[in-house]
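Participant:
Number of protein chains: 2
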Amino acid sequence: MPAEAKTAAKAAQPPVRAAQPVTPPLTERQEARRRRILHASAQLASRGGFDAVQMREVAESSQVALGTLYRYFPSKVHLLVATMQDQLAHMHGTLRKKPPSGDTAAERVAETLMRAFRALQREPHLADAMVRALTFADRSVSPEVDQVSRQTTVIILDAMGLDDPTPAQLSAVRVIEHTWHSALITWLSGRASIAQVKIDIETVCRLIDLTTNPE
Amino acid sequence: MPAEAKTAAKAAQPPVRAAQPVTPPLTERQEARRRRILHASAQLASRGGFDAVQMREVAESSQVALGTLYRYFPSKVHLLVATMQDQLAHMHGTLRKKPPSGDTAAERVAETLMRAFRALQREPHLADAMVRALTFADRSVSPEVDQVSRQTTVIILDAMGLDDPTPAQLSAVRVIEHTWHSALITWLSGRASIAQVKIDIETVCRLIDLTTNPE
DNA sequence: CGGTAATCTAGAACAAGTTTCAGACTTGAT
DNA sequence: ATCAAGTCTGAAACTTGTTCTAGATTACCG
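Structure below.
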């Protein structure tokens, strides 16, 4: 990977879906292309994880020229992070349907995260690809990664049943997200058991009580 | 990166320093080569981070053939994780000299981590290279990553002044490590300020009190 | 010392991410 | 319908991690 390429935020014109800023509306065919690409990406990732998502294959599977693929997603990491955004949206929808049942906010958050975790377990390779991309992303992907982070925050706050979090609560949520990502990685690389992930998530969720009913 | 290469733990003969198992003692010249390699790696990393550590350059800087470099460190990630082990050992030595002064275990751990954080701030590119390698590492690097994790655990337990931690305390320590790595990453990729990292570390360290004086 | 196995070297070769380019195709405005 | 601007395609080129090979060097055993 050329050093400069990863560092400089390539200023590709329209299709690159940046953070929020003016995204020139895509034509129908463009939207379809984008969707095909994301689908191919997820499919390849489900097979063999990060390494199996090869740009040439994604291009071929989605019936798009390599150059076009790079116009839509300026790097493999961008592509996988976008794939994660996509999957996250899905998951948020799913989670919304059956709200967690715990009594305390901590319990509900832990329950939600474990539910998400079980979903990821069903596609461990896909999880691998997405999470590795997320943590490997450099500054040029920051807007997209940030968006994923915001979406995760929303999910957690949702589970807490909170509309207007205090700074302390936001910090707790960030810490939970940190733990979530990192625990996922240790599990994916075989360095932690599922049981351990569960315990750690429950442990970190206790921080919520700590910020809800102050010291 | 060939898929298989990253996945299969290459059984290179002697120099590959595995986890703990029998490492045939290196001759003096071999030890020197290893040291030159790690030094070159750290130096290049300090310049431009992960991307600047190019295997050909490392080989050249350390006066070693490319093939030899790969015999000592079977991949770029292995090399960078080993570099991290090296730097961690350094840091542990440094931290040991001036034990943290806080009254509670939580304070001492937070103080220690912030001290480490300030050290990393002095070489942000190096930190970038090491941390990115650490989280990007796949299963083939697990033993080495695990070793880094164990060393980090020791540092934290040291700061807590604990010899015989309970399972709950170990979980808290793991969560702190998760937060530490992940917070570092968000800082390195410009998505969080130093102040935010500090707050999050202090937040997560409160878990210690929670496990020390039970609910 | 002599011989043999292990190690090291230089350099070619290969794989996958990324860039580039010329030409065909679409789109939108006139 | 027509033209200019913007997109897409196919293919080649380039970069950097990784592997491979043949021949020199080194380490060690008797």
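Quick mapping for you: the protein sequence lines, in order, are chains A and B. End of the first sequence = 197 in our numbering, gap-free, step of one. End of the second sequence = 197 in our numbering, gap-free, step of one. Using N, Cα and C, we set each Cβ at its ideal position, and we do this for glycine too.
Assuming residue 54 of chain B and residue 16 of chain B make a contact with CB atoms under 8 Å, what is their CB distance in whole Å?
Facilitator: Sure, about 6 Å apart at Cβ, within 8 Å.
Participant: How about residue 55 of chain B: is its C-beta nearer than 7 Å to some C-beta of chain A?
Facilitator: Judged by the 7 Å Cβ criterion, residue 55 of chain B is not in contact with chain A.
Participant: With 16 as the cutoff for other CB atoms within 10 Å, does residue 48 of chain A come out buried or exposed?
Facilitator: With fewer than 16 other Cβ atoms within 10 Å, it is exposed.
Participant: Is there at least one Cβ from chain B nearer than 7 Å to residue 117 of chain A's Cβ?
Facilitator: So, interface residue.
Participant: Please report the residue range of the alpha helix (DSSP H) in which residue 140 of chain B lies.
Facilitator: Taken as a continuous stretch (DSSP letters only), the alpha helix (DSSP H) holding residue 140 of chain B covers 124 to 142.
Participant: Nearest to residue 32 of chain B by alpha carbon, out of B:115, B:126, B:172, B:147?
Facilitator: With distances taken between Cα atoms, residue 32 of chain B lies closest to B:115.
Participant: Would you call residue 83 of chain A buried or exposed, if buried means 16 or more other Cβ atoms sit within 10 Å of its Cβ?
Facilitator: Under this definition residue 83 of chain A is an exposed residue.
Participant: Could you tell me which chain A residues have their CB closer than 7 Å to the CB of residue 128 of chain B, listed as they occur along the chain?
Facilitator: Here the neighbours are 173.
Participant: Less than 7 Å between the beta carbons of residue 187 of chain B and residue 88 of chain B, yes or no?
Facilitator: Yes, the pair counts as a contact, with Cβ atoms nearer than the cut-off.
Participant: Residue 171 of chain B and residue 105 of chain B - do their beta-carbons sit closer together than 7 Å?
Facilitator: Cβ atoms of residue 105 of chain B and residue 171 of chain B: not closer than 7 Å.
Participant: Residue 124 of chain A and residue 173 of chain B look like a contact to me (Cβ under 8 Å); what is the Cβ gap, rounded to whole Å?
Facilitator: So it is a contact: roughly 6 Å between Cβ atoms.
Participant: Taking the C-alpha atoms as reference points, what is the distance between residue 193 of chain B and residue 151 of chain B?
Facilitator: Taking the straight line joining both Cα atoms gives about 6 Å.
Participant: Output yes or no for whether 7 Å exceeds the beta carbon distance between residue 20 of chain B and residue 68 of chain B.
Facilitator: It is a contact, given that the beta carbons lie within the stated cut-off.
Participant: Is residue 84 of chain B helix, strand or coil when you go by DSSP?
Facilitator: It is coil, neither helix nor strand.
Participant: Between which two residues does the alpha helix (DSSP H) carrying residue 49 of chain B extend?
Facilitator: Its alpha helix (DSSP H) spans residues 48 to 54.
Participant: So which of A:136, A:57, A:8 has the shortest CA-CA distance to residue 120 of chain A?
Facilitator: Checking every option, the nearest Cα to that of residue 120 of chain A belongs to A:57.
Participant: Note down, in chain order, each residue of its chain lying with its Cβ closer than 7 Å to the Cβ of residue 35 of chain B, except the 5 sequence neighbours on either side.
Facilitator: 23, 26, 27, 58, 62, 111, listed in sequence order.
Participant: With DSSP collapsed to three states, give me the class of residue 173 of chain B.
Facilitator: Residue 173 of chain B: coil per DSSP, three-state reduction.
Participant: Ends of the alpha helix (DSSP H) at residue 7 of chain B?
Facilitator: Neither: residue 7 of chain B is in no alpha helix (DSSP H) and is coded neither H nor E.
Participant: Pick out whichever of A:158, A:138, A:178 has its Cα sitting closest to the Cα of residue 189 of chain B.
Facilitator: Among A:158, A:138, A:178, the Cα nearest to that of residue 189 of chain B is on A:158.
Participant: For a contact defined as C-beta to C-beta under 8 Å, what are the partners of residue 182 of chain B on chain A?
Facilitator: Within 8 Å Cβ-Cβ: 153, 156, 157, 160.
Participant: So with Cβ pairs under 7 Å, would you call residue 186 of chain B a contact of chain A?
Facilitator: Answer yes: the Cβ-Cβ gap between residue 186 of chain B and chain A drops below 7 Å somewhere.
Participant: Quick check: is the beta carbon of residue 167 of chain B nearer than 7 Å to any beta carbon in chain A?
Facilitator: So, interface residue.
Participant: Suppose contacts are defined by Cβ-Cβ distances below 7 Å. Is residue 183 of chain A in contact with residue 102 of chain A by that definition?
Facilitator: It is not a contact, given that the beta carbons lie outside the stated cut-off.
Participant: Considering just the uninterrupted stretch of the alpha helix (DSSP H) at residue 75 of chain B, what are its terminal residues?
Facilitator: Note, residue 75 of chain B: alpha helix (DSSP H), 58 to 79.
Participant: Using CA atoms only, rank isn't needed, just tell me which of B:66, B:146, B:30, B:10 is closest to residue 133 of chain B.
Facilitator: Among B:66, B:146, B:30, B:10, the Cα nearest to that of residue 133 of chain B belongs to B:66.
Participant: I want to see whether chain B comes within less than 7 Å of residue 200 of chain A, judged by CB atoms only; does it?
Facilitator: The requested residue 200 of chain A is not part of the displayed model; chain A covers only -17 to 197.
Participant: When the Cα atoms are used, what is the spatial distance from residue 167 of chain A to residue 160 of chain A?
Facilitator: So the two alpha carbons sit approximately 11 Å from each other.
Participant: Given a threshold of 16 other Cβ atoms within 10 Å of its Cβ, counted over all protein chains shown, does residue 156 of chain B qualify as buried or as exposed?
Facilitator: It is buried - the Cβ of residue 156 of chain B has at least 16 other Cβ atoms within 10 Å.
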